[in-house]
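Note that the protein sequences, when read in sequence, are chains A and B. Mapping of the first sequence onto this note's numbering: residues 1 to 215, in sequence order. Mapping of the second sequence onto this note's numbering: residues 1001 to 1177, in sequence order.
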Amino acid sequence: MNGVRGAAVLTAGVLGLAGLVVASTSPHLAGAEPVLVVSTLTATLAVAGLAAQPWLARGRVGAHVAVGSAVLVLVVVHVAALLVLSPDDALFAMSPDGPTRARMALISLVLLVVVACLGVLRRRLGWSGPTFRLLHGGFALLATVLGVGHAVLTDGALEAWGTVVLLASGVLSVAGGVVAVLGRRPGRRLSRRPAPAARASGTGPAAAPPPPGRR
Amino acid sequence: MRPHPVAITVFVAVLWTVGVLLATSSLHGTGARDVGVRGSGPEGPSVAELASGRCAPTITNPGGTNNYVPRAPYTNPLGAGFTVAGTVRDEACRPLPGVRVQVWAQTATASEQRNRTSVRTDDQGRYRVDTDPLVAQFGEPNVHVGYDDPGPWRRVFLRNVTRDGDTGAQVDLVLSP
Chain A
1 MNGVRGAAVL TAGVLGLAGL VVASTSPHLA GAEPVLVVST LTATLAVAGL
51 AAQPWLARGR VGAHVAVGSA VLVLVVVHVA ALLVLSPDDA LFAMSPDGPT
101 RARMALISLV LLVVVACLGV LRRRLGWSGP TFRLLHGGFA LLATVLGVGH
151 AVLTDGALEA WGTVVLLASG VLSVAGGVVA VLGRRPGRRL SRRPAPAARA
201 SGTGPAAAPP PPGRR
Chain B
1001 MRPHPVAITV FVAVLWTVGV LLATSSLHGT GARDVGVRGS GPEGPSVAEL
1051 ASGRCAPTIT NPGGTNNYVP RAPYTNPLGA GFTVAGTVRD EACRPLPGVR
1101 VQVWAQTATA SEQRNRTSVR TDDQGRYRVD TDPLVAQFGE PNVHVGYDDP
1151 GPWRRVFLRN VTRDGDTGAQ VDLVLSP
């Protein structure tokens, strides 16, 4: 992992810790029910994971898969905790009549599932690197932007400094996504030869030409 | 090498769909209004309706029955610092005295499931409930007002929103047979 990517992943971790501190000390969670605390903290960690993901995509496939899986689990726990907290409100939020912030969250969740499925099926699909990057990386970026937007619009534990943390996480993720999707390493241009890890990462340049007749 | 044209089409279509879904969404949820003292105005009939003597009936909005429990006890006041008030009328804009209204909302010390009271309108059709300041419930403070009294009027339930720091909200109801 080169220096810039390492620093970016570290920054995502620091932002995650900062988010946890801001959320856990927020008046919104003072005396709150445990499921609300769980829901908030899992969402905070998920945002940090999403901020790190694009920076792990190249050359750290194992970490990328592990963090991606963790993000998906965290988001599912976040939603499940809200359902336990207030089924009426949770189901209303996820209905077509729910507010904008809830619709953003719902779309983000659907996109995350799609992104995870694409990641799991990467080899079986046999898509070229650019095609895979566009759909896997592009949808992941969209999911991140919508998830951060959902958190910013939500009046809750991540207000004030929490909003700063959320926006910084979003910017970090988008920057990493742009770097990954454009297929450039920070600080230097890619050589024409594919990197050894690129084939498995799915976000590097096409490691091998696609089979004839396949995308 | 470029992405496959089908992939580009799919990606653009998803972006467009997401944009449409967000553009057609409601900021507070379908039918919910900001009824706080700093909001867009009270829920209820307009001045023109009141002047004409023909008030459009209040319609239950999506989410209006969230966490509703029938026959809430009369425990007003629930606290202090936030006032929910309004007038209950019929379709001729005449005040309805003695009808039961239920109010429930989330505060820092009580969840929306527990912080509720029934209250009856006075001889001018007015009701008033005092509670602790509202806090966000699923993303923003919201207040529920419902009419659930057995009688000649149709039941109605509203979910409206307020802002952090608001000290009151006005929710007027117009009941129809």
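For glycine and all other residues, C-beta sits at the position ideal for the given N, C-alpha and C.
Neighbour-count burial assignment, A/S128, 16 or more Cβ in a 10 Å radius: Per the 10 Å Cβ criterion, buried.
N-terminal and C-terminal residue of the beta strand (DSSP E) that B/V1119 is part of: For B/V1119, the enclosing beta strand (DSSP E) covers residues R1116 to R1120.
Along the region 1021 to 1032 of chain B, what residues have a CB closer than 8 Å to any CB found in chain A? Hits within the stretch, in order: L1021, L1022, S1025, S1026, L1027, H1028, G1029, T1030, G1031 and A1032.
Near A/A116, which residues of its chain fall below 8 Å by C-beta distance, leaving aside the five closest residues on each side in sequence? So the list reads G68, S69 and L72, once near-sequence residues are dropped.
Determine the closest residue to A/A105 out of A/G147, A/V35, A/V61 and A/L74, with distance taken between C-alpha atoms. For A/A105, the nearest C-alpha among the options comes from A/G147.
Spatial neighbours of A/R193 within its chain, please: C-beta separation below 7 Å, excluding the five flanking residues on both sides. Its pLDDT being 48, under 50, A/R193 is placed unreliably in this model, and the coordinates cannot settle the point.
For B/R1126, collect the residues of the same chain with a Cβ closer than 6 Å to its Cβ; drop the 5 residues on either side in sequence, then sort them by chain order. A distance below 6 Å between beta-carbons, with the five flanking residues on each side excluded, links B/R1126 to the following residues of its chain, in chain order: T1087.
I need the DSSP call for A/L15, collapsed to helix, strand or coil. Note: A/L15 maps to helix in three-state DSSP.
Compare the C-beta of A/T100 against all C-beta atoms of chain B and say whether one is closer than 8 Å. Flagged as an interface residue toward chain B: A/T100, by a C-beta distance shorter than 8 Å.
Cross-strand partners of B/E1049 (DSSP beta bridge): Residue pairing of B/E1049 in beta bridges, as defined by DSSP: absent, with no partner found.
Determine the chain E residues that contact A/P130 at a beta-carbon separation under 7 Å, and present them in chain order. Absent from the structure: chain E. Protein chains present are A and B.
Determine the closest residue to B/G1019 out of A/I107, A/G138 and A/A157, with distance taken between C-alpha atoms. Relative to the Cα of B/G1019, the nearest Cα in the group A/I107, A/G138 and A/A157 belongs to A/I107.
From A/L125 to A/H136, what distance separates their C-alpha atoms? If I take the Cα positions, the gap works out to 12 Å.
Measuring only between beta-carbons, confirm whether B/G1063 sits less than 8 Å from chain A. Yes - at least one Cβ of chain A is within 8 Å of the one on B/G1063.
Figure out for me which residue from B/T1065, B/A1108 and B/T1060 has the closest Cα to the Cα of B/G1081. Minimum Cα distance to B/G1081 is reached at B/A1108.
Less than 8 Å separating the beta-carbons of B/N1024 and B/N1076? Looking at the sequence itself, residue 1024 of chain B is Thr, so the reference to Asn does not match. No, the Cβ-Cβ distance between B/T1024 and B/N1076 is not below 8 Å.
Note down, in chain order, every chain B residue with its Cβ under 7 Å from the Cβ of A/G156. Neighbourhood of A/G156 in chain B, by CB distance below 7 Å: A1136 and G1139, in chain order.
Terminal residues of the continuous beta strand (DSSP E) containing B/A1105? Start and end: R1100 to A1105.
Test: A/M94 CB closer than 8 Å to a CB of chain B: Using a Cβ-Cβ cut-off of 8 Å, A/M94 does not count as an interface residue toward chain B, since no Cβ of chain B sits closer than that to its own.
Taking the Cβ atom as the reference point for each residue, do B/R1159 and B/N1142 lie within a distance shorter than 8 Å? Cβ distance < 8 Å, so B/R1159 and B/N1142 count as in contact.
For A/P99, name the three-state secondary structure that DSSP assigns. A/P99: strand per DSSP, three-state reduction.
Among all the DSSP beta bridges, which residues are the ones paired with B/R1128? Bridge partners of B/R1128: B/A1085.
Can you say whether A/A43 is buried or exposed, counting buried as having 16 or more other CB atoms within 10 angstroms of its CB? By the neighbour-count definition (other C-beta atoms within 10 Å, threshold 16), A/A43 is a buried residue.
Please report the distance separating the alpha-carbon of B/H1144 from that of A/V4. Answer to the nearest angstrom: the Cα atoms are 51 Å apart.
Cβ-Cβ distance between A/V174 and A/V152 below 8 Å: No, these two residues do not count as a Cβ contact at 8 Å.
What span of residues does the alpha helix (DSSP H) with A/H64 cover, start to end? Residues V61 to L85.
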